[in-house]
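Just add 1 to the spot in the sequence shown (first one is 1) and you have this note's numbering.
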Amino acid sequence: MRSLFKPVLTVVSACLALAAPAQGQSIDSIVRLDVIDGGQSEDGTYLTAIRLDLEPGWKTYWRAPGDAGIPPEFDWRRSGNVGAVAITWPTPHVFDQNGLKSIGYETQLVLPVRITPKDASKPVRLRGEVDLGVCKDVCIPASLKFDHELDAGAARNPAIAAALAQRPFSAREAGVTGAACRLSPTADGLQVQVQIDMPSAGGAELAVIEPGNPALWASQTETKRQGNRLTATSEVISPDGQPFALDRSAVRITVLGTKHAVDILGCSAG
């Protein structure tokens with residue numbers, strides 16, 4: 002039953018770390034949030050970004066934060082005239098925290114966001130909050146609010162352009178010729194073995210498997226390469242212990258290498 006308790010123990014460890022106060026520091030002195038404008042496109046969508054500036058030595062986390070991280074959660078519901086929100090995540094870094102791998106960003110994160118308004122002829126007000134963790138020697142939970150009316154006439158923003166350029170390659174751009182998922186039952190869920198035919202992304206690659214269902218949890222992968230094939234193995238479980246089905250078309254695999262990262266959406270039967 003080891004793997005069943007692993008996500009619970011990880012959460013407990015995170016909570017214990019979160020309970021430890023940062024000596025003499027408030028969250029406002031550690032991280033600052035700004036909304037930056039990139040203007041309205043001809044198709045009516047807006048390009049904007051959430052910018053997080055962190056004090057030196059502090060970091061925050063990617064959407065799949067690894068064994069020791071805390072993923073950010075956004076609430077856009079109080080926004081005005083927002084029909085759809087699409088986030089582009091820049092390639093994150095892999096950190097080693099006392100033998101546990103976490104995935105995220107340090108110093109600054111510019112997170113591009115494309116907004117599709119309900120009515121392109123009316124103003125868009127981006128209003129909400131993000132819950133996240135920021136960590137150094139201890140971790141602190143932060144709930145940061147934002148309220149900003151987007152500037153339709155804003156010029157192209159170089160910070161947003163740079164963040165977009167840092168996105169992972171698509172499977173086609175990275176030369177991926179195949180990605181297959183082999184599923185096999187375990188005592189607690191499913192073992193997922195992904196075989197990806199692709200050139201090396203550089204160095205000791207790390208593949209991150211996301212099940213495509215927020216109710217499911219995937220363990221840190223064991224990743225190895227043989228020639229042009231990368232194999233990543235993870236266990237996917239449901240924390241409530243109930244049986245589940247895994248939709249291969251919704252599985253997302255991100256390969257993090259020293260040269261670049263690769264974003265692969267979906268896998269065939271293995």
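Ideal Cβ positions, reconstructed from N, Cα and C, are used throughout, including at glycine.
DSSP-derived helix/strand/coil call for residue i
i: Asp76; result: strand
i: Ile161; result: helix
i: Ser250; result: helix
i: Ser27; result: coil
i: Ala272; result: Residue numbering for the chain in the displayed model covers 2 to 271; residue 272 lies beyond these limits and cannot be assessed.
i: Ala233; result: strand
i: Ala262; result: strand
i: Ala87; result: strand
i: Ala166; result: helix
i: Arg173; result: coil
i: Thr224; result: strand
i: Pro124; result: coil
i: Ser201; result: coil
i: Lys119; result: coil
i: Pro22; result: Model confidence at Pro22 stands at a pLDDT of 43, short of 50, so the residue's coordinates are unreliable and nothing is read from them.
Start-to-end residues for the beta strand (DSSP E) that takes in residue i
i: Val139; result: No beta strand (DSSP E) holds Val139; DSSP gives it neither H nor E.
i: Ile71; result: No beta strand (DSSP E) contains Ile71, which DSSP labels as neither H nor E.
i: Gly39; result: 32 to 41
Cβ shell of residue i (< 6 Å), same chain only, five flanking positions each side left out
i: Pro113; result: Ala50, Thr89, Ile161, Ala164, Leu165
Cβ neighbours of residue i in the same chain (closer than 8 Å, five flanking residues each side left out)
i: Asp152; result: Asp38, Gly40
i: Pro200; result: Ala175, Gly176, Asn229
i: Arg79; result: Arg128, Gly129
i: Arg3; result: Note on Arg3: pLDDT 33, under 50, position unreliable in the model; the coordinate value appears next. Answer for Arg3: no residue qualifies.
Per DSSP, the bridge partner or partners of residue i
i: Lys60; result: Glu107, Cys136
i: Leu183; result: Looking at the sequence provided, one finds Arg at residue 183 rather than Leu. The partner list for Arg183 (beta bridge, DSSP) reads Gln194.
i: Trp218; result: Ile238
Nonlocal neighbours in the same chain, by C-beta distance under 7 Å from residue i, ignoring five residues either side
i: Pro22; result: Residue placement at Pro22 is flagged as unreliable, the pLDDT there being 43, under the threshold of 50; a coordinate-derived value is accordingly withheld.
i: Val36; result: Thr49, Ile51, Leu127, Phe147, His149
*Determine contact between the stretch 244 to 253 and the stretch 80 to 97, defined as no fewer than three beta-carbon pairs at a distance below 8 Å.*
no
*Assess, as a yes-or-no matter, whether the stretch 56 to 75 is touched by the stretch 119 to 135 under the definition of 3 or more beta carbon pairs within less than 8 Å.*
yes
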